[in-house]
Amino acid sequence: CRSALGESVYQTALQALRRQEHLLRAQSAAAERKQVTVMFADISGFTAMSETLDPEDVRSLINACFELLGAVINRYDGYIDKFIGDEIMALFGAPIAHENDPERALRAALDMMAALQTFNSQYRNRLPRPLALHFGINTGLVIAGGIGTAARQDYSVMGDTVNLAARLEGLSESGQILVGQNTYRFAAPFFEFKTLEPVKVKGKAKPVQVYRLLKAKVAVAGQARGLKGLASPLVGRNEELAQLKGALKRLQAGQGSLISLIGEAGLGKTRLMADLKAAAPELEIQWASGRGLSYGENAGYLVARRLFFNLMNIPLEATPVEVGKILQTELRRIFPANLRPEPGARDQRQKTGNAPENAATDAEALSFLDVYPYLAHLLNAPLTDKAAQRVKNLSGEALNRRVLQSAAAYIAAIAQRAPLVLAFDDLHWADPSSLELIQQLTALTRRSPLLILLLYRPPRPQSRIREFHAQLNQLPNKAHRVIHLSPLTQKESTQLVENLLLRCDEVSKICKLVVA
Ligand SMILES: Nc1ncnc2c1ncn2[C@@H]1O[C@H](COP(=O)(O)OP(=O)(O)OP(=O)(O)O)[C@@H](O)[C@H]1O
Ligand SMILES: [Mg+2]
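Just so we're aligned: the sequence shown equals residues 121 to 636 in my numbering.
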């Protein structure tokens with residue numbers, strides 16, 4: 121069933137079941153105090169609509185709209201608590217908690233705004249006027265659990281945090297996303313806000329500080345994790361760094377490899393990779409990276425797209441048309457415009473949407489048009505007429521196969537020019553289609569100067585990354601090498617703390633005074 125449906129469909133269905141399981145458990149368990157981000161989203165324009173349209177029309181439009189907005193909330197692993205008329209109450213952090221629920225809620229709100237625009241243009245002819253959204257979002261402690269009568273209980277949350285979120289929604293005007301102090305504090309590195317005048321709200325003695333969310337920052341400045349300005353030279357990790365450097369040396373000599381660097385949060389995976397990368401320029405090695413985003417586990421090809429943007433130097437803020445232009449130029453550099461047709465072979469390939477196995481990684485066997493439509497699809501770039509023609513008649517599965525083959529052909533061609541490192545960070549958050557693509561690329565490490573470096577936290581039971589890790593372990597000739605990061609020794613930790621304290625301005629001043 122899994123291979124027939126495709127990995128993405130299978131994983132999405134599995135995720136829905138897991139969510140249901142969490143919910144049932146949370147509902148029957150005792151009430152608990154939890155840190156949650158609560159979202160109230162109100163749709164304006166429905167009242168006017170219900171006065172002019174046929175009730176059945178109103179119902180079908182409302183449901184279509186909720187369907188679209190609900191899908192966005194699901195994508196960020198939020199939970200729709202309830203629909204209250206034309207309002208949605210959603211939770212981020214309950215029943216399932218993530219390390220960045222405020223960020224997820226705000227990204228969801230921005231995406232819901234965008235989804236509503238799409239809805240408005242799609243239903244232009246049926247809507248008396250366009251619909252609009254406004255939001256109140258707040259983070260804090262709530263009581264969570266099954267709430268209701270003995271016969272009918274729903275999982276929900278209660279408390280001051282919820283009330284303030286509702287009040288903020290009441291204060292917001294059409295098109296605005298208003299957030300409270302706590303949400304702002306957690307999400308500030310990732311978004312641009314406007315600070316508004318503090319407002320008096322019922323039930324609060326002091327005026328509360330309110331912020332208006334403007335947009336997401338394209339690139340997050342500096343390190344979003346760890347403390348700003350606090351850094352230490354690398355402590356310990358000699359053995360691990362030596363292993364990684366060994367792989368780089370072998371890569372320089374033309375030999376590829378596949379390495380997973382696994383360790384709990386904060387143990388230094390990203391740091392080790394950064395120190396390794398610092399050694400790469402001397403070796404004349406190309407380095408490209410992609411990373412999982414904690415709110416991107418369900419977004420198709422997110423990690424892969426980031427990798428390709430990085431490989432082709434495409435700015436993250438590029439418009440789809442700009443992406444398409446860069447992609448065309450890049451692929452024309454690598455793949456010939458036309459191939460001398462091998463009698464029969466190309467016709468067959470076009471009919472089935474299936475490239476022969478060896479052509480999948482052999483740039484010389486593929487022309488520009490064999491690759492461009494599928495990579496344009498991967499990067500969400502608009503398709504030219506000719507390219508669209510190719511994609512149109514393929515089934516989802518055949519299209520996916522061509523995307524994977526085209527990606528592999530491109531990477532193989534790049535690696536032929538100079539040894540290439542593909543480094544993937546935070547893979548525990550990767551989306552299923554990107555993992556499938558990375559898996560496809562692992563085969564190249566056997567015959568190309570390609571080092572694939574994968575960073576993730578120890579896989580939890582039943583997680584996607586656990587399955588991925590297990591599949592890598594099945595590769596022939598023990599091709600998958602694993603480096604486990606264990607916690608630093610007590611001596612190393614002491615050293616690290618000392619280094620960090622000395623970097624603290626105040627401590628360092630005191631030190632100087634003492635030593636002087
Ligand atoms: N051995 C070390 N020497 C010096 N600093 C270190 C060391 N290990 C980690 N750090 C510092 O600790 C912080 C956390 O490390 P890092 O971000 O690399 O962890 P991680 O394993 O990537 O965690 P996550 O899974 O959350 O991404 C960083 O500021 C990093 O520079
Ligand atoms: Mg990291």
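Cβ coordinates follow ideal geometry from the N, Cα and C atoms, glycine included.
Contact test: residue i Cβ vs ligand 2 heavy atom, cutoff 7 Å
i, result
"methionine 389", "Before going on, a small fix: residue 389 reads as lysine here, not methionine. Under cutoff, so the answer is yes."
"aspartate 545", "yes"
Paired residues, beta bridge with residue i - DSSP
i, result
"histidine 604", "Ile382"
"aspartate 545", "Arg411"
"histidine 254", "Asp162"
"phenylalanine 488", "Paired residue(s): none; phenylalanine 488 is not in a bridge."
"methionine 278", "Ile263"
"proline 554", "The amino acid at residue 554 is misidentified as proline; the sequence shows serine. Paired residues: none, contrary to the question."
"methionine 209", "Phe160 and Lys202"
"tyrosine 331", "Val299 and Thr315"
"serine 377", "Leu571"
"tyrosine 576", "Ile382"
"lysine 154", "Val262"
"alanine 336", "Phe311"
"glutamine 242", "According to DSSP, glutamine 242 bridges with nothing at all."
"glycine 268", "Gln273"
"glutamine 406", "Leu540"
Residue i: CB within 7 Å of a non-hydrogen atom of ligand 4
i, result
"glycine 198", "You won't find ligand 4 in this model; what it holds is ligand 1 and ligand 2."
heavy atom of ligand 1 below 7 Å from residue i C-beta
i, result
"glycine 386", "yes"
"valine 355", "yes"
"serine 515", "no"
"leucine 396", "no"
"serine 613", "no"
"leucine 577", "Reading the sequence as shown, one finds arginine at residue 577 and not leucine. Indeed, a heavy atom of ligand 1 lies less than 7 Å from the Cβ."
"glycine 412", "no"
"alanine 150", "no"
"leucine 616", "yes"
"alanine 399", "no"
"glycine 383", "yes"
"leucine 608", "yes"
"glutamine 352", "The residue asked about is misnamed: residue 352 is serine in this sequence, not glutamine. It does: the Cβ of serine 352 is within 7 Å (strictly closer) of some heavy atom of ligand 1."
Pick from the options that is closest to residue i, judged by C-alpha positions
i, options, result
"glycine 386", "Glu152, Ser613 and Leu143", "Ser613"
"glutamate 556", "Val441, Ile531, Ala501 and Ile585", "Ile585"
"isoleucine 257", "Gly410, Lys611, Gln296 and Arg521", "Gln296"
"tryptophan 549", "Glu404, Val602, Val328 and Gly420", "Gly420"
"proline 248", "Ala508, Val178 and Gln135", "Val178"
"glutamate 141", "Phe186, Ile216, Phe488 and Asn430", "Ile216"
"asparagine 520", "Pro552, Lys598, Pro539 and Ile208", "Pro552"
"alanine 351", "Arg391, Gly383, Ala398 and Ala438", "Arg391"
"leucine 251", "Leu261, Asp206, Ala270 and Val262", "Asp206"
"leucine 486", "Ala518, Glu402 and Arg452", "Arg452"
"glutamate 187", "Thr449, Lys611, Ala235 and Arg537", "Ala235"
"proline 456", "Asp490, Leu354, Arg138 and Ser554", "Asp490"
"proline 596", "Ser377, Trp407, Gly383 and Gly190", "Ser377"
"glutamate 661", "Leu547, Phe488, Pro569 and Ala535", "The requested residue 661 does not occur in the structure, where the chain is confined to residues 121 to 636."
"proline 318", "Arg244, Gly300, Ala308 and Leu334", "Gly300"
"glutamine 135", "Asn183, Tyr196 and Arg153", "Tyr196"
"histidine 218", "Lys154, Glu450 and Gln582", "Lys154"
"glycine 156", "Gly260, His254 and Asn183", "In the sequence under discussion, the amino acid at residue 156 is valine, which differs from the glycine named in the question. Checked all of Gly260, His254 and Asn183; the closest Cα to valine 156 is Gly260."
"arginine 566", "Gly268, Leu284, Gln375 and Glu360", "Gln375"
"alanine 308", "Glu404, Arg227, Arg139 and Ala264", "Arg227"
"histidine 254", "Ala286, Arg246 and Gly266", "Ala286"
"glutamate 152", "His600, Ile263, Arg272 and Pro539", "Ile263"
ask   = With contact counted as at least three CB pairs below 8 Å, one residue from each stretch, are the region 277-291 and the region 225-239 in contact?
value = no
message = With a threshold of 8 Å, are at least 3 pairs of Cβ atoms found where one atom belongs to the region 174-181 and the other to the region 216-236?
response = no
query = Any chance the region 520-535 sits against the region 392-402, with 3 or more Cβ pairs inside 8 Å?
reply = no
task = Could you tell me whether the region 531-541 touches the region 324-333, where touching means 3 or more Cβ pairs closer than 8 Å?
result = no
query = If we count Cβ pairs, one from each stretch, closer than 8 Å, do we get three or more for the region 558-566 versus the region 501-517?
reply = no
Touch test, the region 191-209 against the region 358-377, Cβ-Cβ under 8 Å, three pairs minimum = no
query = Are there three or more Cβ pairs, one per stretch, closer than 8 Å when the region 159-171 is compared with the region 311-320?
reply = no
task = Could you tell me whether the region 494-511 touches the region 423-443, where touching means 3 or more Cβ pairs closer than 8 Å?
result = yes
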